[in-house]
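Each residue of the sequence shown is one higher than the last, beginning at 110 in our numbering.
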Amino acid sequence: MTRFGINLQFVEPDTILQAGDEVVLIPPVSGG
């Protein structure tokens, strides 16, 4: 599951963006 962040906070995928928002997508990872 990909996590979404806006302005240094985790948010739900349906969060509405505002002008100037900083967005990050965190892909799923596996360790080992």
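The beta carbon of each residue, even a glycine, is placed where N, CA and C say it ideally should be.
{"Check": "Close Cβ partners of E131 (< 6 Å) along its chain, the five nearest in sequence each way excluded", "Outcome": "N116"}
{"Check": "Limits of the beta strand (DSSP E) - the one that I135 falls within", "Outcome": "132-135"}
{"Check": "Span of the beta strand (DSSP E) around V120", "Outcome": "118-120"}
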